[in-house]
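S.K.: If you use full-length UniProt numbering, the sequence shown corresponds to residues 1 to 242, in order.
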Amino acid sequence: MTDIAANLRAVQTRIATAAARVGRDAADIRLLPVSKTKPPECVLEAHRAGCVRFGENKVQEAMDKWEALAGTAVEWAVIGHLQSNKAKYVARFATEFQALDSLRLARELDRRLQQEGRRLEVLIQVNSSGEPQKFGVEPEETVELARQLTAFDALAVRGLMTLAVFTSDRERVSQCFRRMQEVQRELQQATGEPWPELSMGMSGDFELAIEHGATCLRVGQAIFGNRLDPNHYWPGSMPVQS
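#1: Let's see if you can read the secondary structure: which residues bound the alpha helix (DSSP H) around C42?
#2: Just to confirm my understanding: we take F135, look at its own chain, exclude 5 residues before and 5 after, and list those with CB closer than 8 Å. What are they?
#3: Report the rounded CA-to-CA distance for Q189 versus T142, giving the unit in angstroms.
#4: What is the DSSP secondary structure of A77, counted as helix, strand or coil?
#5: Would you identify the three-state DSSP class for P239, choosing helix, strand or coil?
#6: Do T215 and I29 have their CB atoms nearer than 8 Å?
#7: Taking DSSP's pairing of strands, which residues face P33 in a bridge?
#8: Between the segment 217 to 227 and the segment 31 to 50, can you find at least three pairs of beta-carbon atoms closer than 8 Å?
#9: Could you give the first and the last residue of the continuous alpha helix (DSSP H) run that contains L82?
#10: Going by beta carbon distance, what residues of the same chain come within less than 6 Å of residue 297, once the five residues before and after it are set aside?
#11: I'd like to check one pair, A209 with G220: are the Cβ atoms closer than 8 Å?
#12: Find the nearest neighbour of C51 within the set I79, Y89, T37, N7, judged by alpha-carbon distance.
#13: Where does S199 fall in DSSP's three states?
#14: Out of D64, P196, E75, E131, point me to the one whose CA is closest to R172's CA.
#15: Measuring alpha carbon to alpha carbon, tell me which residue in D205, C176, K38, N85 is nearest T2.
#16: Taking the continuous alpha helix (DSSP H) assigned at Q184, which residues delimit it?
#17: By Cβ distance, which residues of its chain are closer than 7 Å to P194, with the 5 residues on each side in sequence left out?
#18: Does the beta-carbon of Q60 have 16 or more other beta-carbons within 10 angstroms, so that it is buried, or is it exposed?
#19: In angstroms with no decimal places, state the Cα-to-Cα distance between D25 and I4.
#20: By alpha-carbon positions, which one of F177, C176, E197, Q175 ends up nearest to G159?
#21: What would DSSP say about F135, mapped onto helix, strand or coil?
#22: Using 8 Å for Cβ pairs, my map puts L103 next to V90. What's the rounded Cβ distance?
#23: Rounding to the nearest angstrom, what Cα-Cα distance links R170 and R179 in this structure?
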């Protein structure tokens with residue numbers, strides 16, 4: 001049986017060590033446990049160990065767990081690609097959405113959120129690796145989308161999210177993270193807003209992400225144990241990273 005509380009402590013220690021190595025305060029780095037394919041009981045165990053917000057790739061799985069854990073203080077962040085026709089579900093229950101990648105989706109989310117009387121924390125997903133199979137806006141298109149998002153009162157846009165290239169080559173991964181830092185600076189200069197959130201780094205590369213300014217780490221297997229599901233972003237390659 002996976003000892004989730006012990007795994008959490010180990011991950012938090014690694015975060016603190018990586019942050020200290022580059023002169024950062026670990027308190028400025030948010031750990032988002034990713035519970036995909038794991039049962040609600042695992043979420044509750046992590047919740048008892050101090051976690052409040054959890055990440056899910058698929059909106060239906062997130063909704064199922066939201067319903068199963070009704071009455072608890074657990075919050076949900078949807079971190080996977082979302083079709084516009086499913087925006088109504090995210091608007092109903094999610095606290096955060098990290099994969100905004102189009103004006104059309106933003107418009108539908110805002111409309112549904114207005115109907116629900118809710119606001120949603122949002123990150124723009126950027127395709128920092130340039131891989132055609134990945135979702136996300138191109139880095140050079142990010143500023144324009146960000147400017148358009150100011151029209152939507154129900155969207156609280158906080159920053160950026162990316163999936164780095166899936167490889168053991170640290171330099172190639174670092175290139176993705178550095179590109180995100182560049183995009184963040186471009187946004188800050190263009191809009192005058194802080195854009196504080198950089199969600200990047202998963203179980204296999206979160207320490208490297210910390211070196212490059214990550215403020216949110218999406219960590220799954222290092223906390224909840226291995227998954228058997230196929231890799232959505234890198235089919236047929238290595239086990240999933242999150």
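Glycine included, each C-beta is placed from N, C-alpha and C at the ideal position.
M.R.: The answer reads as follows:
#1: 40 to 48
#2: H81, A99, D101, Q125, N127
#3: 13 Å
#4: strand
#5: Caution applies to P239, whose pLDDT of 36 falls short of 50 and renders its modelled position unreliable; the model cannot decide the point.
#6: yes
#7: V219
#8: yes
#9: Where L82 is concerned, there is no enclosing alpha helix (DSSP H), given that its DSSP letter is neither H nor E.
#10: Given that the chain is displayed from residue 1 to residue 242, the structure contains no residue 297 and the question cannot be resolved.
#11: no
#12: N7
#13: strand
#14: E131
#15: K38
#16: 170 to 191
#17: Q188
#18: exposed
#19: 24 Å
#20: E197
#21: coil
#22: Going by Cβ atoms, the distance from L103 to V90 rounds to 16 Å, so no, they are not a contact pair.
#23: 14 Å
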